[in-house]
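Which chain is which? The protein sequence lines are R and V, in order. In terms of the working numbering, the first sequence is residues 1 to 194. In terms of the working numbering, the second sequence is residues 1001 to 1399. Note that the Cβ used here is the ideal one computed from N, Cα and C, for glycine as well. A short write-up of the structure that comes next.
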Amino acid sequence: MLPEFDNKSGQSQAEQALSRVEQLLETWREKLNKPQPSERTLVGGENPLIFPYAKRRIMLTGNGRPDVLDISVHPDELLEVVQTLLDGDWGYLITITGLDLGPEAGEIEILYHFAEGAAVVTLSVRVERETAVIPSICPIIPSASFFERELVEMLGITILNTPNTDHLFLPDDWPADTYPLRKEFNTENQQAAN
Amino acid sequence: MTTIPMPTKEKFIVPIGPQHPALKEPGHFEFAVDGEIVTDATVRLGYVHRGIEKAAEARNWTQNLYLVERICGICSHIHALTYSLGVEKLAEVEVPRRAQAIRVLVAELERVHSHLLWFGVAAHEAGFDTLFMYSWRDRETIMDILEALTGNRVNYSANVLGGVKFDVSPEQCKVILTGIDFLEERTRHYLNVATSDSMFLQRTRGIGITRLRDAQRLGIVGPTARASGVIRDVRVDAPYAAYDEFPVQMVVETAGDLEARFVVRLKELFESFRLIREILANLPAGDLQVKRFPRKIKAGEVISRVEAPRGEVFYYIRSTGGEQPDRLKVRTPTLCNMASVLSLSIGHHLADVPMLLVGIDPCFSCNDRGVTISGNEGNGRWTWERLRQFGIDYYARKV
């Protein structure tokens, strides 16, 4: 027998889902017994929740209130946070977005979007643009392999322990060290080079 | 007679694709087989990669609406809808209710066309070509409706930023309702065929079973997930556009085999028919578009999630306050479901692979998002200017 679905309860479900994330991550923080990551300047950040580093930064379309939580995570802690979400049976990985913040910022940001019902939790990891190394989450979530391959070929991010770094979308003869989603890549230049 | 085990070191690999890998879109699969049984599978995508995410960064907010609509030829409206919803959120523009209802109307008409198209393709893969021809004949009904409503069979361009382009007239209402009545009767027949025809069931019942736990682990979305008992539909979980006013009843099956995937999609058609009737009967009054939509959009980030016919479409849009997006990330349902085909095919007969692939209703253009055009003159690579001029000349010649 399947449960009844009610559109009206969508709101409260999302709120419940978000408070469950806060509880899960609270236990993670205690378990780790590490100092919290320092708060970083985020675009449009406001309304801190129980974590000083959790924000409502990314907006969400859809009817009703925003049900998002954006948490900045240090690359070293990423696997533990993802494991905590998975152990707590919270949501599923929608995708991984790679953002080149440009040469001035000198950073690349990687966003891990998780969703449960109407609630979306985004873990953001910032790394140096030049080196750009992050751990693979494939040992925990095997289906992340496609997303990680996209990060490798499109943004030139080094992902430690990722099972496959072959081209997924780009041609086999694509020039090495040319990453289309980096800001300096320009389609006109590329055509001239070919 | 004793069976001779295969030499362990050497694998026999059957390549499928990139041309016509069981359907009319390119993708390359390599299946390692032991006799008839698949033992390993890999996929190579990107044959229709057009670099749309990068291209979006060089175009303004309005141009991108037309660009994203061309990500997919089957669910074009869904991409434009997801993008519009996101940009409208960033711009803090409230879209009129009537426009939102018309968007949902087109989205549901598109779902009907997409599911019927898939049903035909799946029947063809199963070797049931009569069913394929009947279902595609019936699908023409919905294509005619879409053309009458929007002017196009595909790439309807129903959306503008801040609303929709057209209204629904009472005459069009009548045409839609007549078409829907016909299709509902036909769908009832197809559901009967898909669940009772013994030859067809041999290809679907008990084949490619994905258990609930695996579906969750592999991150499968859409009807494929709902056929395995995953209770997940963005229209219900996080209603968008007018889905709060016109709620959807989720269709979930638990068997997880190919038959369940047929049943879920066909039952979803009934839900779409009901919704289309409800929207036409209760179309909210109001404008079709907002008066003014800003050219520059203030800095911010937005996530837009929409239930396409194949599952959840995810857009991440980032604005830095200019006339163009700083980043547009698209995640289409096929990418999530592709991994399931690979893991599912292991242990199945090679002959089942086309059906397993079709079972997720794959869409490679969505997947790849990447343009090289073969023209009569010059080399294969066209500049944007040349492509634009070609379009202008083409239509000038036609007129």
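Subject >> Residue nearest to R/L170 in terms of C-alpha spacing, selected from V/K1298, V/I1016 and V/L1045 >> reply: When only C-alpha atoms are compared, the closest one is V/L1045.
Subject >> Sequence-distant residues of the same chain with beta carbon closer than 6 Å to V/I1176, five excluded per side >> reply: Excluding residues within five positions, the ones whose Cβ falls inside 6 Å are I1145.
Original post:
What residues in its chain sit with their C-beta under 7 Å from that of V/V1252, if we drop five residues either side in the sequence?
Top reply: Excluding five sequence positions before and after V/V1252, the CB atoms of its chain that fall closer than 7 Å to its own CB belong to R1226, G1229 and I1231, given in chain order.
Original post:
Got a sec? Which residues, its chain only, sit under 7 Å from V/E1377 by beta carbon, not counting five neighbours each side?
Top reply: Any reading at V/E1377 is ruled out, since the residue's pLDDT is 48, under 50, leaving its predicted position unreliable.
Original post:
Start and end of the alpha helix (DSSP H) containing V/D1129?
Top reply: Its alpha helix (DSSP H) spans residues D1129 to T1150.
Subject >> Bridge partners - V/N1159, DSSP secondary structure assignment >> reply: Paired residue(s): V/V1164.
Original post:
Does R/R20 have its Cβ less than 8 Å from a Cβ in chain V?
Top reply: With respect to chain V, the C-beta atom of R/R20 has no partner C-beta closer than 8 Å.
Subject >> V/Q1324 versus V/K1054, V/H1115 and V/T1039, residue with shortest Cα-Cα distance >> reply: It is V/K1054.
Original post:
Where does R/D173 sit, in a helix, a strand or coil, going by DSSP?
Top reply: R/D173 falls in the coil class under three-state DSSP.
**OP:** Give me whichever residues DSSP pairs with V/P1325 in a beta bridge.
**Re:** Answer by DSSP bridge pairing, in chain order: V/S1319.
Original post:
From what residue to what residue does the alpha helix (DSSP H) around V/G1179 run?
Top reply: Run containing V/G1179: P1170 to S1196, per the alpha helix (DSSP H) assignment.
**OP:** With a 10 Å radius around its C-beta and 16 neighbouring C-beta atoms as the bar for buried, classify V/R1450 as buried or exposed.
**Re:** The structure shown has nothing for residue 1450 of chain V, since chain V only spans 1001 to 1399.
**OP:** Provide the residue(s) that pair with R/P142 in DSSP beta bridges, ordered along the chain.
**Re:** Beta-bridge partners assigned by DSSP to R/P142: none are found.
Original post:
Got a sec: is the Cβ-Cβ distance from R/G91 to anything in chain V below 8 Å?
Top reply: No, R/G91 lies away from the interface with chain V (no Cβ there is under 8 Å from its Cβ).
**OP:** Kindly confirm or deny that the segment 1035-1050 of chain V and the segment 1118-1137 of chain V touch, where touching means at least three C-beta pairs closer than 8 Å.
**Re:** Taking a cut-off of 8 Å for Cβ pairs, the segment 1035-1050 of chain V and the segment 1118-1137 of chain V do not touch, as fewer than three such pairs fall below it.
Original post:
By Cβ distance, which residues of its chain are closer than 6 Å to V/M1250, with the 5 residues on each side in sequence left out?
Top reply: D1233 and V1236.
Original post:
Hey, is V/F1132 close to the ligand NAP, as in C-beta under 7 Å from one of its heavy atoms?
Top reply: Ligands in the displayed structure: none, and consequently the ligand NAP is not present.
Original post:
Alpha carbon to alpha carbon, how far is R/T27 from R/T178?
Top reply: Counting only the Cα atoms, R/T178 lies some 42 Å from R/T27.
Original post:
Residues of chain V with CB under 9 Å from R/V120, in chain order?
Top reply: Here the neighbours are A1238, I1303 and R1305.
Subject >> Selection from V/E1278, V/T1187 and V/R1261 that minimises the alpha carbon distance to V/D1244 >> reply: The option with the nearest alpha carbon to V/D1244 is V/E1278.
Original post:
At a CB-CB cut-off below 7 Å, which residues of chain A make contact with R/L181?
Top reply: The chain labelled as chain A is not found among the protein chains of the depicted structure, namely R and V.
Original post:
Tell me, which residues are paired with R/P93 by DSSP?
Top reply: Here residue 93 of chain R turns out to be Leu, not Pro, going by the sequence shown. Paired residue(s): R/F114.
Subject >> Residues near R/I108 by beta carbon distance below 6 Å, same chain, minus five either side >> reply: Residues D100, V127, R129 and A132 of the same chain have their beta carbon placed closer than 6 Å to that of R/I108, with the five preceding and five following residues left out of the count.
**OP:** Verify whether the separation of the beta carbon atoms of R/D67 and R/E15 is less than 8 Å.
**Re:** Yes, Cβ-Cβ distance for R/D67 and R/E15 is below 8 Å.
Original post:
Hey, does R/G206 have any beta-carbon neighbour from chain V nearer than 8 Å?
Top reply: Coverage of chain R is limited to positions 1 through 194, which leaves residue 206 of chain R absent and any answer about it impossible.
**OP:** State whether the segment 1151-1161 of chain V contacts the segment 1186-1203 of chain V, with contact taken as three or more CB pairs (one from each stretch) at a distance under 8 Å.
**Re:** Counting Cβ pairs under 8 Å, fewer than three are found: no touch.
Original post:
Which one of V/L1023, V/A1041, V/G1086 and V/G1256 has the shortest CA to CA distance from V/I1297?
Top reply: For the set V/L1023, V/A1041, V/G1086 and V/G1256, the Cα lying nearest the Cα of V/I1297 is the one of V/G1086.
Original post:
So what's V/E1245 in DSSP terms, helix, strand or just coil?
Top reply: Here DSSP, grouped into helix, strand and coil, assigns V/E1245 to coil.
Original post:
Which value, in whole angstroms, describes the spacing of the CA atoms of R/R40 and R/D89?
Top reply: Confidence at R/R40 is low in this model, with a pLDDT of 38, below 50, so the placement of that residue should be treated as unreliable; the coordinate-derived value is given next. Between the C-alpha atoms of R/R40 and R/D89 there is a straight-line separation of about 28 Å.
Original post:
Taking all protein chains shown into account, do 16 or more other C-beta atoms lie within 10 angstroms of the C-beta of V/K1024, making it buried, or fewer, making it exposed?
Top reply: Under the 10 Å beta carbon count, V/K1024 is surrounded by fewer than 16 other beta carbons and is classified as exposed.
**OP:** Please classify V/F1029: does DSSP put it in a helix, a strand, or coil?
**Re:** Here DSSP, grouped into helix, strand and coil, assigns V/F1029 to strand.
Original post:
V/G1163: which of V/A1099, V/I1207, V/E1147 and V/P1170 sits nearest, CA to CA?
Top reply: The shortest Cα separation from V/G1163 among V/A1099, V/I1207, V/E1147 and V/P1170 belongs to V/A1099.
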